[in-house]
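> Residue numbers (the numbering used here): 4 to 254. Using N, Cα and C, we set each Cβ at its ideal position, and we do this for glycine too. All values reported here derive from a predicted model rather than from experimental measurement.
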């Protein structure tokens, strides 16, 4: 607050300071680094009439928190990728489908894992001291990756076969990949569905699993549908002893 005479700013501190106008009592200043600076305002009204007063200002850089981009991945663990600025950073879970384990909460690039697939909202908070705090959020979507298993190669003497896939995650669906005829399934989404074909021969069937969020897998099984042979014999009637008879075989 100026009184009389000419005032001048001087300073001491941990770095250098740029004072826009050394003789203005309300000038702006910019410092080169964090720390404590003492600014002295000295007024000189000539004839040796001088007085001064000092003000201590602590400069702390404001963090700019960046939690990184959202992650959508087909597994239950991944690495986070916050971009640190200044100060110390900490990861916390704002919300989620289950318990999310954070290996090193104070590391911007820590690994996280869970037993429960779903969506997790994470917060990266940076604190540079003196109340200079900033935070940012990211969305983490973790989904189990299906591991489709359509079963083993087999054959049957019929036009109907009971499939035997091993279900893992998500929704499974049967479909025909190849074969001489058409197929119908009793339950297309059941791993142990029965399938009936219109013709005998070799068929490939696909068991495809979809767990959402682009997490899919598929496997193929080869099944042979064999024709069941039938045989029959017919004998012409014999009228008298010693007569010849004709035997007919169909098969």
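Roughly how many angstroms separate the alpha carbons of residue 101 and residue 120, rounded to a whole number?
About 8 Å.
> Just to confirm, is the Cβ distance from residue 44 to residue 71 under 8 Å?
Cβ distance not < 8 Å, so residue 44 and residue 71 don't count as in contact.
> Would you mind giving the Cβ-Cβ distance between residue 93 and residue 67, rounded to the nearest angstrom? I have them listed as a contact below 8 Å.
Their Cβ separation, rounded to whole angstroms, is 15 Å, which puts residue 93 and residue 67 out of contact at 8 Å.
> What does the Cβ neighbour count give for residue 53, buried or exposed, with the cut at 16 atoms within 10 Å?
The residue in question, residue 53, is exposed, as its Cβ has fewer than 16 Cβ neighbours within 10 Å.
> Along the chain, where does the beta strand (DSSP E) that runs through residue 89 open and close?
It is not in any beta strand (DSSP E) - residue 89 carries neither H nor E in the DSSP assignment.
> Counting only the same chain and skipping the five closest in sequence on each side, list residues whose C-beta sits under 7 Å from that of residue 58.
Around residue 58: 42.
> Return the chain-ordered ranges of every beta strand (DSSP E) run that is complete within the region 139 to 173 and spans a minimum of 3 residues.
Correct list: 157 to 159 and 163 to 165.
> Spatial neighbours of residue 28 within its chain, please: CB distance less than 8 Å, with the 5 preceding and 5 following residues excluded, ordered by chain position.
Within the same chain, residue 28 has close Cβ partners 4, 5, 10 and 44.
> Verify whether the separation of the beta carbon atoms of residue 124 and residue 90 is less than 8 Å.
The answer is no: Cβ separation not under 8 Å.
> Skipping 5 residues on each side, what residues in its chain have a beta carbon closer than 8 Å to that of residue 26?
Once the five neighbours on either side are set aside, the close Cβ partners of residue 26 are 9, 10, 11 and 12.
> Mapping the DSSP letters down to three states, classify residue 196 as helix, strand or coil.
Correct three-state label for residue 196: coil.
> Step through the CB atoms of chain B and report whether any lies within less than 8 Å of the CB of residue 210.
Structure shown: chain B not included; a single protein chain is present.
> Check whether the region 205 to 213 and the region 170 to 186 are in contact - that is, three or more C-beta pairs closer than 8 Å.
At 8 Å Cβ cutoff, the stretches touch.
> Give me the residue from 84, 188 and 183 with the minimum Cα distance to residue 165.
Nearest option by C-alpha distance: 188.
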